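The next block holds one structure in the form of structure tokens; read it before the comments.
There are 2 protein chains.
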Amino acid sequence: MVTIYDVAKMAGVSPATVSRVFGGQTPVAQAKAQAVREAAAKLEFQPNGNARRLRTSSSDIIAMIVPDVANPYFTEMTRAVEDAARAVGYSVILCNTDDEVDREQDYLRMATREPVAGIIIAPNCQSRLSWAIERRVPVVCVDRRAPHDTCDSVVFDNFSAALGATHMLYDAGYERLGAIIGPEFVETSLPRLQGWTQAVLERTGSQPDPALIKQALQTSEAEGERLALELLSGTEPPDAIFVGNNPLATGALRVLFRKELLPPTIGLVSFGGPPQALFTYPGIIVTHLPQREIGTMAADMLLERINGCTEPARSIVLPVSMNTPCEALVVPVGAQVA
Amino acid sequence: MVTIYDVAKMAGVSPATVSRVFGGQTPVAQAKAQAVREAAAKLEFQPNGNARRLRTSSSDIIAMIVPDVANPYFTEMTRAVEDAARAVGYSVILCNTDDEVDREQDYLRMATREPVAGIIIAPNCQSRLSWAIERRVPVVCVDRRAPHDTCDSVVFDNFSAALGATHMLYDAGYERLGAIIGPEFVETSLPRLQGWTQAVLERTGSQPDPALIKQALQTSEAEGERLALELLSGTEPPDAIFVGNNPLATGALRVLFRKELLPPTIGLVSFGGPPQALFTYPGIIVTHLPQREIGTMAADMLLERINGCTEPARSIVLPVSMNTPCEALVVPVGAQVA
DNA sequence: TTGCGACGTCGTAAATGGTGACCATGCCAA
DNA sequence: TTGGCATGGTCACCATTTACGACGTCGCAA
Numbered sequence: 001m002v003t004i005y006d007v008a009k010m011a012g013v014s015p016a017t018v019s020r021v022f023g024g025q026t027p028v029a030q031a032k033a034q035a036v037r038e039a040a041a042k043l044e045f046q047p048n049g050n051a052r053r054l055r056t057s058s059s060d061i062i063a064m065i066v067p068d069v070a071n072p073y074f075t076e077m078t079r080a081v082e083d084a085a086r087a088v089g090y091s092v093i094l095c096n097t098d099d100e101v102d103r104e105q106d107y108l109r110m111a112t113r114e115p116v117a118g119i120i121i122a123p124n125c126q127s128r129l130s131w132a133i134e135r136r137v138p139v140v141c142v143d144r145r146a147p148h149d150t151c152d153s154v155v156f157d158n159f160s161a162a163l164g165a166t167h168m169l170y171d172a173g174y175e176r177l178g179a180i181i182g183p184e185f186v187e188t189s190l191p192r193l194q195g196w197t198q199a200v201l202e203r204t205g206s207q208p209d210p211a212l213i214k215q216a217l218q219t220s221e222a223e224g225e226r227l228a229l230e231l232l233s234g235t236e237p238p239d240a241i242f243v244g245n246n247p248l249a250t251g252a253l254r255v256l257f258r259k260e261l262l263p264p265t266i267g268l269v270s271f272g273g274p275p276q277a278l279f280t281y282p283g284i285i286v287t288h289l290p291q292r293e294i295g296t297m298a299a300d301m302l303l304e305r306i307n308g309c310t311e312p313a314r315s316i317v318l319p320v321s322m323n324t325p326c327e328a329l330v331v332p333v334g335a336q337v338a
Numbered sequence: 001m002v003t004i005y006d007v008a009k010m011a012g013v014s015p016a017t018v019s020r021v022f023g024g025q026t027p028v029a030q031a032k033a034q035a036v037r038e039a040a041a042k043l044e045f046q047p048n049g050n051a052r053r054l055r056t057s058s059s060d061i062i063a064m065i066v067p068d069v070a071n072p073y074f075t076e077m078t079r080a081v082e083d084a085a086r087a088v089g090y091s092v093i094l095c096n097t098d099d100e101v102d103r104e105q106d107y108l109r110m111a112t113r114e115p116v117a118g119i120i121i122a123p124n125c126q127s128r129l130s131w132a133i134e135r136r137v138p139v140v141c142v143d144r145r146a147p148h149d150t151c152d153s154v155v156f157d158n159f160s161a162a163l164g165a166t167h168m169l170y171d172a173g174y175e176r177l178g179a180i181i182g183p184e185f186v187e188t189s190l191p192r193l194q195g196w197t198q199a200v201l202e203r204t205g206s207q208p209d210p211a212l213i214k215q216a217l218q219t220s221e222a223e224g225e226r227l228a229l230e231l232l233s234g235t236e237p238p239d240a241i242f243v244g245n246n247p248l249a250t251g252a253l254r255v256l257f258r259k260e261l262l263p264p265t266i267g268l269v270s271f272g273g274p275p276q277a278l279f280t281y282p283g284i285i286v287t288h289l290p291q292r293e294i295g296t297m298a299a300d301m302l303l304e305r306i307n308g309c310t311e312p313a314r315s316i317v318l319p320v321s322m323n324t325p326c327e328a329l330v331v332p333v334g335a336q337v338a
């Protein structure tokens, strides 16, 4: 391994000068700086990140803690964070929790041990972010707010988005709407349910039938299947379903498919959708959520904190654009199940 | 920051003993170990990763360098790598290159500077992996082989998969097949074209019309649109198109959509597909590629290298399962464009 | 001309937190 | 007594940053 000592020797200066040339704080005479740079280039010197970080007790790594990168919603957000981080020389460590609190805790511990410069996390309601916060590691929450608003967060207006999407189902002609919503421990589940409820209220004039509301115990395709089956096997099944997130919607679609009840036979809202969705259609409504914007904004806010911003916790609520609110995968009745 | 010295003082032992309790190599007497653990717990001590890594010049970070995590093919692969890494206490740094060699070089430099324990990379043909290899950082290539087979790689059989998928288009009744293939600098483009060519040869008895083959200059949806337009505006346009990768296929679909030539009017193979694809249908064929398996296997191989394996470079070619070779998004003609 | 302070530059050495080779101690069995 | 082993302390080391001080030069005033 080639160190600053090797470079210093070749350039005929002290190691401190080499450090100064690369650190760039204190001034170095032109000639010496040039000699150092030439020597470094010749030796293909790369400063050792561990030594540098140990000495300065700083870091240029951001931990991105999400339930699952394979969920396109979080994939895009992660990509946006990485773009913003790279632009200022930071790297991103990827952490998948599957919404398990223990995994999340492990990652938070890792983040302080590593240590990282900051954390972007989609927490759930049982998260204990205090571990990181007490250790003065900046934290920004995305998609969901921090349990007690103890740190910055970037979310969008779930209530309004759910309200709007549900109205679209009514606009498409459906009348008896069911809802499959995310688990209790995910903060966004409630406002989405409330948005749906409000729309039902506005359109039917009465409270929704409780039999038409199913809350998931976890976020998975299997759970989506289970709840869709429950909904459809009721005595008065719905003619359209609002599904509170991506994986649940995929599971629900699978059930509709098997039962040959595909949209537009039964309407479906998938709240948050894969970027591969290309087409509008009244049958499946895939809402367009501001994942990228959340990621970019969260990264910017985190970098501000890393650079010493000490404002009290900020909470950003992004609007959901309703002019292109939906895109849809369109599936004809009767196609074969894979 | 609480250090081993603090713990040592509280536990009444030397710092070395604290280190040993956590390192776990040399034995420590029960009583002392207990005291150390209690002190550490009370102080909420976390060993400083930078100091540890500096001293041992080891690392527990893997760099995952892919063109774009937002491409579902690489998303799933990345998730698989993270799962395998986490299982043995490693973390994954995420790097998106957009297939730009400069970005890739930056990341490779970062990987040696950081330094990371190993690299998993989807290289392109201009990649200079030697930078890492010369510095003895283990590298495993995924999806594509290393330019000169200088390191381990995990790929799948692109020729056979393309051959099989193309046959499926003929089986579905299409007769004049076009091809949109990935850029020259991506190693998989050629075997996929060859598989397609071979299938055309087998089914028509003659070489394909060169006018029906379009090679992309980059991997993007816009490029897919451009080439699909070119193909369809020829004098004898194809009645089905084989598209060599995900983003190109999405672009091509968009064009078919605008022209109201959606499958099954015109057939389409999307080579590698979003996991959200649920349904089979002869119109759009989305091949099922072993992304997860590639990720898992690459992580395992990399960990072997990190643990000192010195076998010559190995190249794994995974089979593509042809019993469930295809899944499809199904899109009826005439739906609205988003 | 000389003296002196300011300034720009650069080297020395002391951290930074943890590891591990080496060594000292004490105990037990041969 | 001696040899071996389990245990645990000391200290050098990892690569870098940075406080501190030294050195040379220059300008300005005495």
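Protein chains in written order, with the numbering used here: chain P, 1 to 338; chain S, 1 to 338.
Virtual Cβ for every residue (Gly too), placed ideally from N, Cα, C.
Keep in mind that this is a model prediction, so the values were computed, not measured.
Among the residues facing chain P, residue 76/S is included, as its CB has a counterpart in that chain under 9 Å away. With a threshold of 9 Å between beta carbons, residue 91/P makes contact with chain S. The Cβ neighbour count for residue 42/S, taken over all protein chains shown within 10 Å, is under 16; the residue is labelled exposed. The beta carbon of residue 267/P does not come within 9 Å of any beta carbon belonging to chain S, so the residue lies off that interface. Here the alpha carbon of residue 93/S sits roughly 6 Å from the alpha carbon of residue 64/S. Restricting attention to 61/P, 51/P, 153/P, 143/P, the CA atom closest to the CA of residue 313/P is found in 153/P. In the three-state scheme derived from DSSP, where H, G and I count as helix and E and B as strand, residue 22/S is classed as helix. In this model, residue 40/P and residue 32/P are separated by some 12 Å (Cα to Cα). Per DSSP, the unbroken beta strand (DSSP E) holding residue 64/P starts and ends at 61–66. 46, 47, 48, 49, 50, 51, 53, 54, 57: these are the residues of the region 37–58 of chain S whose beta carbon lies less than 8 Å from some beta carbon of chain P, given in chain order. Residue pairing from DSSP leaves residue 296/P without any beta-bridge partner. Straight-line spacing of the CA atoms in residue 223/S and residue 251/S works out to 7 Å. Under the three-state reduction of DSSP, residue 320/S is assigned to coil, being neither helix nor strand. Of the other Cβ atoms in all chains shown, 16 or more fall within 10 Å of the Cβ of residue 49/S; this residue is therefore buried. When secondary structure is reduced to three states using DSSP, residue 158/S falls in the helix class. Check the Cα spacing between residue 319/S and each of 15/S, 287/S, 38/S: the tightest is with 287/S. In this structure residue 75/S is in contact with residue 75/P, their Cβ atoms being roughly 5 Å apart against a cut-off of 8 Å. Following the DSSP letters along the chain, one finds residue 214/S inside the beta strand (DSSP E) bounded by residues 213–215. When DSSP assignments are scanned along the region 169–229 of chain P, the uninterrupted stretches of alpha helix (DSSP H) that are 4 or more residues long and fall wholly within it turn out to be 189–204. Taking the beta carbon of residue 69/P as reference, the chain S residues within 8 Å of it are 69, 75, 78, 79, 82, listed in sequence order. In this chain, residue 49/P is not harboured by any beta strand (DSSP E); it is covered by the alpha helix (DSSP H) spanning 49–56. Taking the Cβ atoms as the reference, residue 184/P lies roughly 7 Å from residue 215/P, within the contact range of under 8 Å.
In this structure, residue 122/S places its C-beta atom within 9 Å of the C-beta atom of residue 144/S. When C-beta atoms of the region 55–70 of chain S are compared with those of the region 85–100 of chain S, three or more pairs fall below 8 Å, so the two segments count as touching. Note that the C-beta distance between residue 240/P and residue 205/P is not below 9 Å. By the beta-carbon neighbour count (other beta carbons within 10 angstroms, threshold 16), residue 187/S is buried. If you draw a straight line from the Cα of residue 307/P to the Cα of residue 157/P, it is about 28 Å long. Cβ-Cβ distances below 6 Å link residue 292/P to 76, 80 in the same chain, with the five nearest sequence neighbours on each side left out; the list follows chain order. In this structure, residue 161/P sits away from residue 213/P, with a CB-CB distance that is not shorter than 9 Å.
In the displayed model, residue 130/S falls within a helix according to three-state DSSP. Between the C-alpha atoms of residue 89/S and residue 101/P there is a straight-line separation of about 17 Å. For residue 98/S, the three-state secondary structure derived from DSSP is coil.
Chain P has a Cβ within less than 9 Å of the Cβ of residue 61/S. Straight-line spacing of the CA atoms in residue 289/S and residue 29/S works out to 53 Å. Distance from residue 132/S to residue 119/S at the Cβ level is roughly 6 Å; contact confirmed, criterion being Cβ atoms closer than 8 Å. Cβ atoms of residue 146/S and residue 129/S come within 8 Å of each other, at about 6 Å.
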